[in-house]
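2 protein chains.
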Amino acid sequence: MNRIPFEEVQQQLARVLCKLGFSVDRAGASARLFAETTCDGVYTHGINRFPRYVATIRNGSVVIDAEPKRLAGFGALERWDGQHGPGNLNALAMTDRALALSREHGVGCVALGNTNHWMRGGTYGWQAAEAGSIGICWTNTMPNLPPWGSVERVIGNNPLVVAVPRAAGPVVLDMAMSQFSYGTLESYRKRDQLLPVDGGFDADGNLTRDPAAIEKSWRPLPVGYWKGSGLSIVLDMMAAMMTLGQATHQLSHDPVFECGISQMFLAINPEAFGPEPRITQIADEIIASLHNAKPATAGKPVRYPGEETLRIRAENRELGLPVDPAVWSEILST
Amino acid sequence: MNRIPFEEVQQQLARVLCKLGFSVDRAGASARLFAETTCDGVYTHGINRFPRYVATIRNGSVVIDAEPKRLAGFGALERWDGQHGPGNLNALAMTDRALALSREHGVGCVALGNTNHWMRGGTYGWQAAEAGSIGICWTNTMPNLPPWGSVERVIGNNPLVVAVPRAAGPVVLDMAMSQFSYGTLESYRKRDQLLPVDGGFDADGNLTRDPAAIEKSWRPLPVGYWKGSGLSIVLDMMAAMMTLGQATHQLSHDPVFECGISQMFLAINPEAFGPEPRITQIADEIIASLHNAKPATAGKPVRYPGEETLRIRAENRELGLPVDPAVWSEILST
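Read top to bottom, the protein sequences are chains A and B. Numbering of the first sequence is given in numbering that gives the first Met the number 0, commencing with residue 0 and proceeding in unit increments. Numbering of the second sequence is given in numbering that gives the first Met the number 0, commencing with residue 0 and proceeding in unit increments.
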């Protein structure tokens, strides 16, 4: 693993995007999001994801200069058309829009159809929380998960992001509805390790911790079995119904043609009624109750969602972003 | 199990509530919610729960004539004080309030502090969906679940309800953040059965399907292990921060003193931009994609959340509500 300074990564990615036709501003913004994702330790959806992103630009799934267009608005609720633009730039703009609506109405809700993969969902949670707002957003995805009771992938892993602002560092949950992603299964298999808990079914329909068996059966588990399966279904329904856009069952099984997806962005302004010092205190006391809980393993206290992010971010900023040499040389030669 | 007609159940429960001091109207409304919960097949939170509800009235946890009071409002967002009134009547009123806000602003969000157990959360999902709205609501609870990485119960199972309106019958997800409730563990133990999947840890810290071992360790599993643990934490944070009310760690471990809790009610109006026939079509096509998916067990198609409810409701309306004779005679003698 090489370490490359943040700015150099951002510059190189922006250079590639400009070469593909992005404006300088949009190339810089998109490159920043990829670099920040790696910087925050979400290695699956940062630089390592960039080559696949380039493929979706080249095959026309992503329309590089398309910007979201407002279709309808009523008070705190709006419907937008992503016009197949870059998923991360669209999501960034729609989070800003939900935040603006929440400043005006206390709450804001934006439904975005015809968009593309937003890369790291947590990005938009951090964006909302750093603006002082609660952020709740989710996306549907290609069919990559069998619903509970089926062997066929007809639901998505539909990541859900919930972010809570907090002076000492936001709390950001970014959870897909599958217990393990295919990327995680692959990395356990390559290390020849079993999963820490059951992650899916084998070909005979038995629960298993063997990543290779799950990759073969294409039957990863929804989180909480029937419960996460149900949550995935309602997230997809809400996104498709509010956008009048595509639902998971209408999307391609091919990751480089996972396009025209549907997303929801909610922002809730905790200080809509005026400045309120008790809010920070309430959040800090909840965090303290977690940190004070007796750990299952001595010396390993409970962590809140996103707790490690600020530490990892600082470390990667200082040491440089960890980059797979093969991926990096592919980017340099693009 | 006896079968008692719906109206007779409602009458008897209302009689008891009147005797305890409820007004006739409020007794009737509360009794109806308990009867409807049993009628819909959620037997843990209907008639069988009524004796514990009576205990919370008698010990002063529930203030029978208290009604929610509006503390602050800004556009589509409001903060209310439940004033320790009956949890189900408070939640019913706050769902109505969120619906009214969503009719005015497209979205409505109500934060309700100082309230009591809402009994079946799904009730308020059905209420929103039957009014044609998406409903998202959640509650915090007493500390009844160890967060991931701890052996100590400091988070709640914080049920989350997501309801989607649909002409052919709403889709209503009502999920607690524990994989199995203590009630479910008890019923498996009494039937001498193992859980269908791992439900918690035994005293030695090993995952187990043995309900008795989990009851003994007090370590049920969050749904999806670390994921449901994280979701429980952010649900509690949002509810406590927006209400300025109590968080899980501040609540009693004794179920009859689980009072002064915090809840959130969101309503999103899918037809805020005008009547839209495509919405029903989108929902129906998603349901069809589930029903057409190849089942894991031949002849047992995938079900959507809440799918069985309308059938069970009709059956119990016709045959009478299934009532535990011991619980029923306790109610009759109250």
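Just so you know, even glycine gets a beta-carbon here, dropped at the ideal spot from N, CA and C.
Beta-carbon proximity list for residue i, same chain, < 6 Å, skipping 5 on both sides
i	result
Ile135 (chain B)	Val161 and Leu265
Ile213 (chain A)	Leu184, Gly198, Gly199 and Pro219
Ala175 (chain A)	Asn156 and Pro158
Gly131 (chain A)	Pro164
Pro50 (chain A)	Glu329
Gly105 (chain B)	Asn268 and Ala271
Asp173 (chain A)	Gly120, Gly121 and Val160
Ser228 (chain A)	Pro146, Trp147 and Pro221
Arg96 (chain B)	Val109
Val322 (chain A)	Asn1, Ile3 and Ile46
Asp283 (chain A)	none
Leu19 (chain A)	Ile56
Leu193 (chain A)	Arg208
Met236 (chain B)	none
Cβ shell of residue i (< 8 Å), same chain only, five flanking positions each side left out
i	result
Ile232 (chain B)	Pro146 and Ile154
Ser29 (chain B)	Leu12, Ala13, Leu16, Phe21, Pro85, Asn87 and Leu88
Gly27 (chain A)	Gln9 and Ala13
Arg188 (chain B)	Pro210, Ala211 and Glu214
Pro294 (chain B)	Pro300 and Val301
Alpha-carbon to alpha-carbon, residue j and residue i
i	j	result
Pro195 (chain A)	Tyr123 (chain B)	37 Å
Leu144 (chain A)	Ala110 (chain B)	34 Å
Ile260 (chain A)	Ser288 (chain B)	17 Å
Met240 (chain B)	Ala71 (chain B)	14 Å
Tyr42 (chain A)	Val171 (chain B)	35 Å
Met93 (chain A)	Leu309 (chain B)	37 Å
Trp79 (chain A)	Ile281 (chain B)	17 Å
Leu206 (chain B)	Gly305 (chain B)	29 Å
Ala202 (chain A)	Asn291 (chain B)	21 Å
Ile133 (chain A)	Gln9 (chain A)	28 Å
Gln262 (chain B)	His248 (chain B)	15 Å
Cys258 (chain A)	Ser60 (chain A)	6 Å
Val150 (chain A)	Ser177 (chain A)	14 Å
Leu100 (chain B)	Gly107 (chain B)	5 Å
Asn113 (chain B)	Gly81 (chain B)	5 Å
Gln126 (chain A)	Asp191 (chain A)	37 Å
Arg102 (chain A)	Ser186 (chain A)	43 Å
Tyr52 (chain B)	Leu91 (chain B)	17 Å
Thr36 (chain A)	His83 (chain B)	45 Å
Arg57 (chain A)	Arg31 (chain A)	20 Å
Glu7 (chain B)	Tyr181 (chain B)	30 Å
Trp137 (chain A)	His44 (chain B)	30 Å
Leu234 (chain A)	Asn139 (chain A)	7 Å
Met118 (chain B)	Trp327 (chain B)	18 Å
Ala238 (chain B)	Leu243 (chain A)	30 Å
Glu275 (chain B)	Ser216 (chain B)	52 Å
Ile278 (chain A)	His116 (chain B)	23 Å
Phe179 (chain A)	Ala325 (chain B)	45 Å
Paired residues, beta bridge with residue i - DSSP
i	result
Ile56 (chain A)	According to DSSP, Ile56 (chain A) bridges with nothing at all.
Phe73 (chain A)	A:Leu76
Asn1 (chain A)	A:Val322
Lys299 (chain A)	Paired residue(s): none; Lys299 (chain A) is not in a bridge.
Lys68 (chain B)	B:Asp80
Cut-off 7 Å between Cβ atoms - residues of its own chain near residue i, not counting five sequence neighbours on either side
i	result
Phe5 (chain A)	Ala34, Cys38, Arg316 and Leu320
Pro142 (chain A)	Arg152, Val153, Ile154, Gly155, Thr247, His248, Leu250 and His252
Val23 (chain A)	Cys17
Glu129 (chain B)	Pro169
Leu230 (chain A)	Met176
Every unbroken beta strand (DSSP E) inside the segment 99-186 of chain B [3 residues or more]:
106-115, 133-138, 159-163 and 170-174
Three Cβ pairs or more, each shorter than 8 Å: is that satisfied between the segment 65-73 of chain B and the segment 312-332 of chain B? no
Quick one: any contact between the segment 288-302 of chain B and the segment 310-317 of chain A, if contact means 3 or more CB pairs under 8 Å?
-> no
4 or more residues per run - each alpha helix (DSSP H) lying fully within the segment 239-294 of chain B:
277-290
Runs of alpha helix (DSSP H) lying entirely within the segment 189-245 of chain B, each at least 4 residues, in chain order:
210-216 and 225-242
### Query
Do the segment 248-256 of chain A and the segment 220-240 of chain B touch if we need at least three Cβ pairs shorter than 8 Å?
no
- Are at least three pairs of beta-carbons, each pair with one atom in the segment 265-283 of chain B and one in the segment 73-80 of chain A, less than 8 Å apart? yes
Compile a chain-ordered list of the residues in the segment 59-76 of chain B whose CB is closer than 7 Å to at least one CB of chain C. Note that chain C does not occur in the displayed structure, where the protein chains are A and B.
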